[in-house]
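Asker: Per numbering that gives the first Met the number 0, the sequence shown starts with residue 0, numbered consecutively.
Glycine included, C-beta positions come from ideal geometry on N, C-alpha and C.
In this text the structure is predicted, and so the values were computed from the model without any measurement.
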Amino acid sequence: MAAEVRVVRLDALPAAEIAALSCAALDRPLRGAAELIVAVPADEAVVLGAFQRASELGAAEDTPTTRRGSGGAEARVGPGSVWMQLALARPDALVACPPSRLLNRYVRPLLGAITKAGAVARYFDRDWISARRSPVASVSFAHDTKSGRALVEAIVAVETPFAVRDRPSFMGREPLSLRALGVARETGEVADAVIDAYASAYGAAERSREIPSHAGAIEVGREPPWAATREEPIGVVGAGRDAEGVLRVGGELMVSRDVLADLERVIAESPHD
Numbered sequence: 000m001a002a003e004v005r006v007v008r009l010d011a012l013p014a015a016e017i018a019a020l021s022c023a024a025l026d027r028p029l030r031g032a033a034e035l036i037v038a039v040p041a042d043e044a045v046v047l048g049a050f051q052r053a054s055e056l057g058a059a060e061d062t063p064t065t066r067r068g069s070g071g072a073e074a075r076v077g078p079g080s081v082w083m084q085l086a087l088a089r090p091d092a093l094v095a096c097p098p099s100r101l102l103n104r105y106v107r108p109l110l111g112a113i114t115k116a117g118a119v120a121r122y123f124d125r126d127w128i129s130a131r132r133s134p135v136a137s138v139s140f141a142h143d144t145k146s147g148r149a150l151v152e153a154i155v156a157v158e159t160p161f162a163v164r165d166r167p168s169f170m171g172r173e174p175l176s177l178r179a180l181g182v183a184r185e186t187g188e189v190a191d192a193v194i195d196a197y198a199s200a201y202g203a204a205e206r207s208r209e210i211p212s213h214a215g216a217i218e219v220g221r222e223p224p225w226a227a228t229r230e231e232p233i234g235v236v237g238a239g240r241d242a243e244g245v246l247r248v249g250g251e252l253m254v255s256r257d258v259l260a261d262l263e264r265v266i267a268e269s270p271h272d
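1) Alpha carbons only, please: which of 3, 204, 9, 212 is nearest the one belonging to residue 78?
2) Check whether the Cβ atoms of residue 222 and residue 52 sit closer than 8 Å, and answer yes or no.
3) Residue ranges of each alpha helix (DSSP H) run of no fewer than 4 residues wholly in the region 189-270, ordered along the chain?
4) From the DSSP output, read off the bridge partner residues of residue 4.
5) With DSSP collapsed to three states, give me the class of residue 116.
6) Residue range of the beta strand (DSSP E) that residue 149 falls in?
7) So, is residue 126 buried or exposed, given that buried needs 16 or more other C-beta atoms within 10 angstroms?
8) Can you tell me which of the three DSSP states residue 98 falls into?
9) Helix, strand or coil: how does DSSP classify residue 107 here?
10) What separation, rounded to the nearest whole angstrom, lies between the Cα atoms of residue 27 and residue 39?
11) Excluding sequence positions up to five away, which residues of its chain have a Cβ less than 8 Å from the Cβ of residue 135?
12) Quick one: using the 10 Å Cβ neighbour count with 16 as the cut-off for buried, is residue 234 buried or exposed?
13) Nearest by alpha-carbon distance to residue 268: which of 246, 43, 42 is it?
14) Relative to the C-alpha of residue 185, which candidate in 200, 158, 62 has its C-alpha closest?
15) At which residues does the alpha helix (DSSP H) containing residue 19 begin and terminate?
16) Indicate whether residue 32 and residue 88 have their beta-carbon atoms separated by less than 8 Å.
17) Mark residue 273 as exposed unless 16 or more other C-beta atoms lie within 10 angstroms of its C-beta, in which case mark it buried.
18) Which class does residue 11 belong to by DSSP, given the choice of helix, strand or coil?
19) Among 200, 230, 231, whose alpha-carbon lies nearest the alpha-carbon of residue 109?
20) Along the beta strand (DSSP E) that carries residue 84, what are the first and last residues, could you check?
21) Ignore the nearest five residues each way along the sequence and tell me which others in residue 261's own chain have a CB closer than 8 Å to its CB.
22) List the endpoints of the continuous beta strand (DSSP E) containing residue 134.
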């Protein structure tokens, strides 16, 4: 089957609405095998990963907070960010790819786009992209084993830094924006470079500025802090009941959403809950 990607370019869209598109990515109808959204937010926000709680950020963070559909850690977005979402009908929709290699396979055009913008980019199987030894973009994925649907997501710090706090995943390296590295390209130019890179890699069946359907902005509720946490190399994994008393597992992890839901159900039904 020939690769087919629908490309959607969105400018000056509220961050909460871009996050809502991310949250709908595994469920909304796709026009073809894949849909690439490249957006520039109109405002600043902190975007939580799908399984995080706001309490992980501490009390100091007062920027408006929203939530995306992919896992991993929080990221800051703003008018100086390029927010990319590649929704896939299945992990191998465009290239041979098991779910465990979603990031490794699908960030390659993004590396080329950042490199073309002026900073040689590399990916080392973590949750960020490196340029000149500094994290310059966050990367994350979402997946559902039952439907096969997948999402690869990236937030590129062109002028707006993406890191909210220091994290073990950064391995002591300071996250920077492309501008701080001396890259003179404007945010819109980097967005165009990302689109061109993916269109060149996979082919573009259609280009649009129409906002895909979604259920509206996601409200981030005031969940209690995790009852128990464990620090892993990529970040915090936590467990605890939510505001409705339902046991949840979450944090900065990336995992298929239905697999995590099955784990929560098994733990909840355990006699040692």
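Answerer: With the structure as the only source:
1) Indexing the sequence shown from 1 puts residue 78 at position 79. Nearest of 3, 204, 9, 212 to residue 78, Cα basis: 9.
2) Residue mapping note: residue 222 aligns to position 223 of the sequence shown, counting from 1. Residue mapping note: residue 52 aligns to position 53 of the sequence shown, counting from 1. In contact: residue 222 and residue 52 (Cβ atoms closer than 8 Å).
3) 256-268
4) Numbered from its first residue, the sequence shown carries residue 4 at position 5. 33, 203, per the DSSP bridge assignment.
5) Position 117 of the sequence shown holds residue 116. In the structure shown, residue 116 sits in a helix (DSSP, three-state: H, G or I).
6) By one-based count along the sequence shown, residue 149 stands at place 150. Residue 149 -> beta strand (DSSP E) spans 149-156.
7) Locating residue 126 in the sequence shown gives position 127, where the first residue counts as 1. Per the 10 Å Cβ criterion, buried.
8) Along the sequence shown, one-based indexing puts residue 98 at 99. Residue 98 falls in the helix class under three-state DSSP.
9) Taking the sequence shown and counting its residues from 1, the one referred to as residue 107 is at position 108. The answer is helix: DSSP assigns residue 107 an H, G or I state.
10) The residue labelled residue 27 in the question sits at position 28 within the sequence shown. The residue labelled residue 39 in the question sits at position 40 within the sequence shown. Using only the alpha carbons, I get a separation of about 21 Å.
11) Here the question's residue 135 lines up with position 136 in the sequence shown. Correct list, in chain order: 113, 118, 120, 127, 128, 129, 155, 156, 161, 174, 175, 176, 177, 180.
12) If you number the sequence shown from 1, residue 234 lands on position 235. Answer is buried; the Cβ neighbour count reaches 16.
13) Position 269 of the sequence shown, counted from the start, is the residue given in the question as residue 268. That would be 246, whose Cα lies nearest to the Cα of residue 268.
14) Numbered from 1 along the sequence shown, position 186 holds the residue referred to as residue 185. Taking only the C-alpha atoms, the option nearest residue 185 is 158.
15) Here residue 19 is taken as the residue at index 20 of the sequence shown, counted from 1. Per DSSP, residue 19 belongs to the alpha helix (DSSP H) from 14-22.
16) Here the question's residue 32 lines up with position 33 in the sequence shown. Here the question's residue 88 lines up with position 89 in the sequence shown. Contact: yes.
17) Shown here, the chain extends from 0 to 272; a query on residue 273 therefore has no answer.
18) Mapped onto the sequence shown, residue 11 falls at position 12. DSSP places residue 11 in strand when its eight states are reduced to three.
19) Reading the sequence shown from its first residue, position 110 is the one you call residue 109. It is 200 whose Cα lies nearest to the Cα of residue 109.
20) Here residue 84 refers to the residue found at position 85 of the sequence shown. Start and end: 80-87.
21) Looking up residue 261 in the sequence shown gives position 262. Nothing meets the Cβ criterion.
22) To locate residue 134, count along the sequence shown from 1; it is residue 135. Its beta strand (DSSP E) spans residues 133-142.
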